[in-house]
Structures are given as structure tokens and as C-alpha cells.
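Colleague: Using numbering that gives the first Met the number 0, the first residue of the sequence shown is number 0, and each one after it goes up by one. One structure coming up, written as C-alpha cells, with questions to follow.
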Amino acid sequence: MTELQFLQQEVFKDVTNLNKKAEKAEDYKFSEEDFATVIERAGFFGISIYSINTWAKNTSFGATIHQDHNKKASDKRWYRKAFNTFKHRQEGLKYAATYKVPAKLLSRYTPQRKEEE
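The following block contains the structure:
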């Protein structure tokens, strides 16, 4: 299973991608409500988020990275705080992020092929 497949099946499930041309995980854009769901699921699975980008009316509004908060990308506190900061600064933003799914997590969700004897 690839990182994108995992994100689509487990994290982006039942949320609406606002960028229909998205080919990579970081191209997926979400509404405020859907992005709250995405970061909640990312925290549950232990997925790292390296950056968050925001848009208001198709114009870049702001961006932040985990280093701005002196936190590791896997520390869910930084991206929850960043999301809340953006949410309070401006309502109705669209959100995108850069994700990294741990290899151990991917291996657990990759079906093992049975060897035939």
C-alpha cells in the first residue's frame, strides 16, 4: 500500500477534496470542517504533518511548518494549534498539508501475500 492509498482510505475517507485535479496527498484541499477531521485522524494514526497551507478565495492566506512551532512533525499539538490559529484569524479557509505516514503503519495495512506451496 502506498502512502497516498493509505491516506485516501483511512484519513481522507468521507471528507470532500476541493481540488479535483489532485495527484499527490499535498495537493488535496479541504474545507475547515473537513480539515479538522483530517488532522484528528492524522493524530490518531500518528501521521506526521510537516506543513499547513491555507487559502481564502483562491488566494494564498498563510502557511506554517512544524519548525515554526519548535515541534516534531509527528507532534499533533503543533498542527492542532496551527489549525486553531488559522481558524480564529479567518473563517472559511481552505486547507492543505504535507503528510508522512510511518513505514510501520503502512506495513500493517499492506496485505501480506501468501506463498503457495
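For every residue, glycine included, the Cβ atom is placed at its ideal position computed from N, Cα and C. These numbers come from a predicted model, not from an experiment.
Would you say residue 65 and residue 80 are within 8 Å of each other, going by their C-beta atoms?
Modeller: Working through the sequence shown from its first residue, we reach residue 65 at position 66. Working through the sequence shown from its first residue, we reach residue 80 at position 81. Contact: no.
Colleague: Which residue marks the beginning of the alpha helix (DSSP H) containing residue 42, and which one marks its end?
Modeller: Position 43 of the sequence shown holds residue 42. Note, residue 42: alpha helix (DSSP H), 31 to 44.
Colleague: How big is the Cα-Cα spacing for residue 23 and residue 17?
Modeller: Here residue 23 refers to the residue found at position 24 when the sequence shown is read from its first residue. Here residue 17 refers to the residue found at position 18 when the sequence shown is read from its first residue. When rounded, the distance between both Cα atoms is 13 Å.
Colleague: Between the C-alpha atoms of residue 101 and residue 47, what's the straight-line distance to the nearest angstrom?
Modeller: In the sequence shown, counting from the first residue as 1, residue 101 sits at position 102. In the sequence shown, counting from the first residue as 1, residue 47 sits at position 48. The straight-line gap from Cα to Cα measures roughly 8 Å.
Colleague: Pop quiz: residue 50 and residue 63 are said to be a contact at Cβ under 8 Å. What is the actual Cβ separation, rounded to whole angstroms?
Modeller: Taking the sequence shown and counting its residues from 1, one reaches residue 50 at position 51. Taking the sequence shown and counting its residues from 1, one reaches residue 63 at position 64. Going by Cβ atoms, the distance from residue 50 to residue 63 rounds to 7 Å, so yes, they are a contact pair.
Colleague: Thinking C-alpha only, which one of 55, 20, 14, 25 is nearest residue 40?
Modeller: As a position in the sequence shown, residue 40 is number 41, starting the count at 1. Nearest of 55, 20, 14, 25 to residue 40, Cα basis: 14.
Colleague: To the nearest angstrom, how far is it from the Cα of residue 31 to the Cα of residue 90?
Modeller: The sequence position of residue 31 within the sequence shown is 32, counting from 1. The sequence position of residue 90 within the sequence shown is 91, counting from 1. Going from the Cα of residue 31 to the Cα of residue 90 covers about 8 Å.
Colleague: Is residue 75 near residue 42, with beta carbons less than 8 Å apart?
Modeller: The residue you call residue 75 lines up with position 76 of the sequence shown. The residue you call residue 42 lines up with position 43 of the sequence shown. The answer is yes: Cβ separation under 8 Å.
Colleague: Taking the alpha carbon of residue 55 as the reference point, which residue from 93, 29, 73, 28 has its own alpha carbon closest?
Modeller: Here residue 55 is taken as the residue at index 56 of the sequence shown, counted from 1. When only C-alpha atoms are compared, the closest one is 93.
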